[in-house]
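Engineer:
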Amino acid sequence: MYFGFTRYFAQEQRGSETIKAVQREKPENILVTQFVENLHRENLNIVDIALGINDLKVKDGLKAKDICEKLQLSSSQVSKYTSIGSMPTDLLDRVAPLSNDIDTFYYLSQIYKRSPADVEQLIAQGEKDGELNRVTVRSASDNLKNANGNADNSSDNSGANDGNSDEGTKTKGKKGKNKTEDDDDQTNGDNHSPDDSSDSNDSNDSKTGDDSEANSQRTTGTQATTKNVARIWVSFQEEGQAIEGELIVSPDKKPSDKNSAIVLIDGLLNELPLEELTFVRISY
710 MYFGFTRYFA QEQRGSETIK AVQREKPENI LVTQFVENLH RENLNIVDIA
760 LGINDLKVKD GLKAKDICEK LQLSSSQVSK YTSIGSMPTD LLDRVAPLSN
810 DIDTFYYLSQ IYKRSPADVE QLIAQGEKDG ELNRVTVRSA SDNLKNANGN
860 ADNSSDNSGA NDGNSDEGTK TKGKKGKNKT EDDDDQTNGD NHSPDDSSDS
910 NDSNDSKTGD DSEANSQRTT GTQATTKNVA RIWVSFQEEG QAIEGELIVS
960 PDKKPSDKNS AIVLIDGLLN ELPLEELTFV RISY
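Letter by letter, the sequence shown follows residues 710 to 993 in this note's numbering.
#1: Pick helix, strand or coil for Thr934, following the three-state DSSP scheme.
#2: Nearest-angstrom Cα distance between Ile991 and Gly954?
#3: According to the Cβ coordinates, are Asn979 and Val972 closer than 7 Å?
#4: Quick check: what's the CA-CA separation for Ala849 versus Ala719?
#5: DSSP has Gly954 in a bridge; who is on the other side?
#6: Contact between the segment 799-807 and the segment 763-776: three or more CB pairs below 8 Å?
#7: Tell me the start and end of each unbroken alpha helix (DSSP H) in the segment 772-800 that is at least 4 residues and wholly inside, in chain order.
#8: Report the rounded CA-to-CA distance for Lys963 versus Asn752, giving the unit in angstroms.
#9: Could you tell me if Val938 is buried or exposed, where buried requires 16 or more neighbouring beta carbons within 10 angstroms of its beta carbon?
#10: List the DSSP bridge partners of Glu980.
#11: Does the beta-carbon distance from Leu800 to Arg823 come in below 7 Å?
#12: Per the DSSP calculation, Arg990 is bridged to which residue(s)?
#13: With a threshold of 7 Å between beta carbons, is Thr987 in contact with chain D?
#14: Going by CA-CA distance only, name the one from Pro825, Ala856 and Val846 that's closest to Gly835.
#15: Rounding to the nearest angstrom, what Cα-Cα distance links Leu780 and Leu981 in this structure?
#16: Counting only runs that start and end within the segment 800-854, where is the alpha helix (DSSP H) found for 4 or more residues in a row?
#17: Closer than 8 Å by C-beta to Leu760: which residues in its own chain qualify, once you throw out the five before and the five after it? Chain order, please.
#18: Thinking C-alpha only, which one of Val958, Val767, Ser725 and Tyr717 is nearest Val731?
#19: Under a Cβ-count criterion, where at least 16 other Cβ atoms within 10 Å of its own Cβ denotes burial, should Tyr705 be classed as buried or exposed?
#20: Going by C-alpha to C-alpha distance, which of Glu985, Ala826, Glu829 and Gln786 sits closest to Tyr815?
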C-alpha cells in the first residue's frame, strides 16, 4: 500500500472487515506523490516538511526548481526548508515544541553552520522559557555574522596597513632625499656665480623630476592598497513580484548543487535555482 493510510486506519478503528481500494501501478516518483498528499491532507509541522524536502533532494535527486513546482512552494520557502533540514534531527525535535515559525528555525540553521554550541545554548534557554523567540534567535544570528565579519575585516585591514606602511616608508625616504639635495643647493647658492645659474636650474629640474617620481609612487601605493569589491545583484520572480538580492560567491557558502546559487535577501541566505535568476547590475 502506497496511499490511503489515513483512510485505512480510520476503517480499521471502526472495525470494518472490508475496505474499498483501487489497484494502480506504482508511481514513478513515489516519495513526491506521498509527500504532496501528506502536505495537503496532514497538518505537517516545519520539521516534517524540512526533512521531507531533504529526502526529495537526497533520495530522489530532485533540484530546487523541481521541488518548487511539484510542492507549489516558492523558491525562498524551499531554500529555508533545505537549510533547516540540514540540522541534526535531535535538535529539530527539541525545537519543534518551542516554535512553529519557519524563520526561527531558519536562523537557528544559519547559526548552527557557524557555531553549534550557540544553538545548543539557545535551545536550552528556550526549553527553560517554554518557547523560542524569533527576535532573540535572529539577534544571535546577526551578532555571530557581525563578529565573523569583523574578524575577517580586521585581518584584511592588517594586511592593507602593512602595505601602506611599506609604501609610505618608501615615499618618505624619497621625499627626504629630495629635501636634503634641495637644502644643499640653497646653502651653496650664495657661492654660485652667475655663470653657475645653469647648474642651479639643472638641480631644480632634478628636484622636480624626483618629486614627480615620488608622487607617482604615492599614487601607485594608494592604488595597490585600495580594494574594489564587486557586488553582483540579481532578481527572481515570486508571486508575480520581482525580488532583488545580492549573489553570494564564497567558499564558505556553497549551494547544494551546481544548478543553484546563494542569494542574500533581506539579511537571509536563500538557495535559488540558477534558471530563475536574472542579472540586474554590478556595484562597488
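All C-beta atoms, glycine included, are put in the ideal place defined by N, C-alpha and C. Keep in mind that this is a model prediction, so the values were computed, not measured.
Structural biologist: Short version:
#1: Confidence at Thr934 is low in this model, with a pLDDT of 45, below 50, so its placement is unreliable and the value that follows should be read with caution. The answer is helix: DSSP assigns Thr934 an H, G or I state.
#2: 12 Å
#3: yes
#4: 45 Å
#5: Val943
#6: no
#7: 773-780 and 784-794
#8: 32 Å
#9: exposed
#10: Ile971
#11: no
#12: Trp942
#13: The question asks about chain D, but that chain is absent: this structure has only one protein chain.
#14: Val846
#15: 15 Å
#16: 811-823 and 825-838
#17: Gly794, Thr798 and Leu801
#18: Tyr717
#19: A query on residue 705 cannot be resolved here, the shown segment of the chain reaching from 710 to 993 and no further.
#20: Gln786
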